[in-house]
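J.: Counting in our numbering, the sequence shown runs from 2 upward without gaps.
No residue lacks a Cβ here, since even glycine has one placed at the ideal position from N, Cα and C.
Submitted below is the structure of interest, expressed as structure tokens.
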Amino acid sequence: QRQHAQAQARTHKTRGSTNLRGNQPVQSSRLPHRDAPPQFSTPLCPPVSPPPGRGDRRRRMAAAGAATPVGAAPRVGLLYDDRMCAHATPDGEKHPENPERLRAIRRKLDAEGVASRCVDMKAKEAKEKYIASVHTPNHIKLIRDISSKEYDYRRNKTARKFNSIYFNEGSSESAFLAAGSVIEVAEKVAAGELSSAIALVRPPGHHAEHNEPMGFCLFNNVAIAANYLLNERPDLGINKILIVDWDVHHGNGTQKMFYSDPRVLFFSVHRFDYGSFYPCEGDASHCFIGEGAGEGYNINVPWEHGKCSDADYVAAWDHVLLPIAEAFDPDIILLSAGFDAAMGDPLGGCCITPDGYALLLTKLLGFAKGRIVMALEGGYNLKSIANSLCACTKVLLGDNFTYNSPRMQPFESTWRVIQMVMVCNVLFLCNFSLAINICN
């Protein structure tokens, strides 16, 4: 059944048929009513319920949205470097992925007195050998050379060969800084020097694939950092990484890089719209769960339409992500933190509130000893991205948090998607449950 579903999903794959700025609005006929959770008729598997202990405490904290345990004040790293604002459109054309995104966030964090409470981190360029863990030599050479004088008269022509990409004289340095910055903060968190960290980086990364930039993304920053922790720093004891991608677009590049790797559990919640929403690839559907040794370690929650709100995302967290995260028991969480599902975003068409993002993040704090690295991905409404990132930073700093947003029921379609995801991953969950019970 899964193979049949995957074959059907692939028929939606129309790579390059649209760009990240050119999706058509969702028709209202595809927006079903909101409804209370149904009783799932499909028998799944026994719930993942380890015996009482450290894992149970972690699960209770995540399910309840508990605050950081009482103790020493969290050391939260914050990395911002204005050099990453040098990447811009070459002709001054307005573009959603622009330098003001970073500056708006920084202004908000300063105005709220949040930035001064964080540990200031310094950006550094990634070494090519670390980038080569996920990208080909040709890809690296292109990004390294694209800002040189050699490309002055063919930079735009080169950009047009790719899907939703632009280059200018500042693109090379920005891309290497973005990748190196996520490595830097991830290493500090993994080593215990920081409790968590936020990397305000651009260009974003989760669409970048093995051999090509794509969707505003030049290097896959989070994937590079994950491979660095797993392969270059075994002394840090990072053996299992949970990558959570809540950007409204599917993290196609990240998925492909870890599709057969059981050390990385990739979870993406995104608009799919039956294969018509960017990046318009069928493998963003729920039935793509990994292959080989990595089968079961790829989880897609593909929304069928826009307008998804806090309630829909919380349902996906409580019914899919949290039980699977409990079973996987990651050593660190890398969060591809795109904020284009935020209310008011011009590309996303969803309506998560700043409090909604804060709640989703709070629910993750009970895992991996709270070791969370947030790396900025998308998000194109300056007010929304600044407010949402600020709310998340306060959560990491341990501020008291009360969810005050309006109560809404998830869409009926949300429960349908969740059930399909659970059915596709039933064996994975059952095997994890069995393994946990044996180990304990």
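1) Check Gln28 in the structure and name its three-state DSSP category.
2) What residues are listed by DSSP as bridge partners for Gly78?
3) Is the distance from the Cβ of His306 to the Cβ of Tyr279 below 8 angstroms?
4) From Ala328, Ala376 and Ala359, pick the residue whose C-alpha is nearest to that of Val427; which is it?
5) Would DSSP call Cys393 helix, strand or coil?
6) Skipping 5 residues on each side, what residues in its chain have a beta carbon closer than 6 angstroms to that of Asn442?
7) Does Arg272 come out as helix, strand or coil in the three-state DSSP assignment?
8) Would Asn405 be called buried (16 or more neighbouring beta carbons within 10 Å of its own) or exposed?
9) In the DSSP output, which residue or residues are listed as bridge partners for Glu126?
10) Can you name the start and end residues of the beta strand (DSSP E) that Ser172 belongs to?
11) Report all residues from its chain with a CB closer than 8 angstroms to the CB of Ile450; omit the five preceding and five following residues, and keep chain order.
12) Distance check for Pro411 and Pro75, CA to CA, integer angstroms please.
13) According to DSSP, is Ser310 part of a helix, a strand, or is it coil?
14) Can you tell me the Cα-Cα spacing of Pro51 and Val424, whole angstroms?
15) For a test of the three-state rule: what should DSSP assign to Gly66, helix, strand or coil?
16) Taking Cβ positions, are Ser1 and Val77 nearer each other than 8 angstroms?
17) So does the region 123-134 actually touch the region 178-191, counting three or more Cβ pairs closer than 8 angstroms?
18) Would Phe217 pass as a contact of Ser175 if the rule is Cβ separation under 8 angstroms?
T.: By the coordinates alone:
1) Indexing the sequence shown from 1 puts residue 28 at position 27. In this prediction, Gln28 has a pLDDT of 36, which is less than 50 and means its spatial position is unreliable; what the coordinates show is noted afterwards. In this structure, Gln28 counts as coil in the three-state DSSP scheme.
2) Position 77 of the sequence shown, counted from the first residue, corresponds to residue 78. According to DSSP, which records beta bridges pairwise, Gly78 is partnered with Val120 and Ala198.
3) Position 305 of the sequence shown holds residue 306. Position 278 of the sequence shown holds residue 279. For His306 and Tyr279, no; Cβs fall outside 8 angstroms.
4) Sequence index remark: in the sequence shown, residue 427 carries index 426 (1-based). For Val427, the nearest C-alpha among the options comes from Ala328.
5) What you label residue 393 is simply residue 392 of the sequence shown in a count that begins at 1. Helix.
6) The displayed coordinates of the chain run from 2 to 441. Any statement about residue 442 would go beyond what the structure contains.
7) As a position in the sequence shown, residue 272 is number 271, starting the count at 1. Arg272 falls in the strand class under three-state DSSP.
8) Position 404 of the sequence shown, counted from the first residue, corresponds to residue 405. By the neighbour-count rule (16 or more Cβ atoms within 10 Å), Asn405 is not buried but exposed.
9) Start at 1 with the first residue of the sequence shown, and residue 126 comes out as number 125. In DSSP, Glu126 forms no bridge with anything.
10) Within the sequence shown, residue 172 is the residue found at index 171, counting from 1. Note, Ser172: premise wrong, no beta strand (DSSP E); alpha helix (DSSP H) at Ser172 to Ala191.
11) Nothing about residue 450 can be reported from this structure: the residues present for the chain run from 2 to 441 only.
12) Your numbering for residue 75 matches position 74 in the sequence shown. Your numbering for residue 411 matches position 410 in the sequence shown. Each residue's Cα considered, the two are about 33 angstroms apart.
13) Sequence index remark: in the sequence shown, residue 310 carries index 309 (1-based). Reduced to three states, the DSSP call for Ser310 is strand.
14) Numbered from its first residue, the sequence shown carries residue 51 at position 50. Numbered from its first residue, the sequence shown carries residue 424 at position 423. Note that Pro51 has pLDDT 33, beneath the 50 cutoff, so the model's placement of it is unreliable and the number below is only indicative. Pro51 and Val424: Cα-Cα distance of roughly 21 angstroms.
15) Reading the sequence shown from its first residue, position 65 is the one you call residue 66. The predicted model places Gly66 with a pLDDT of 44, which falls under 50 and marks its position as unreliable; any figure quoted below should be read in that light. Coil, per DSSP.
16) Look at the range of the chain in this structure, 2 to 441, and you will see that residue 1 is not part of it.
17) yes
18) Here the question's residue 217 lines up with position 216 in the sequence shown. Here the question's residue 175 lines up with position 174 in the sequence shown. In this structure, Ser175 does not lie closer than 8 angstroms to Phe217 by Cβ.
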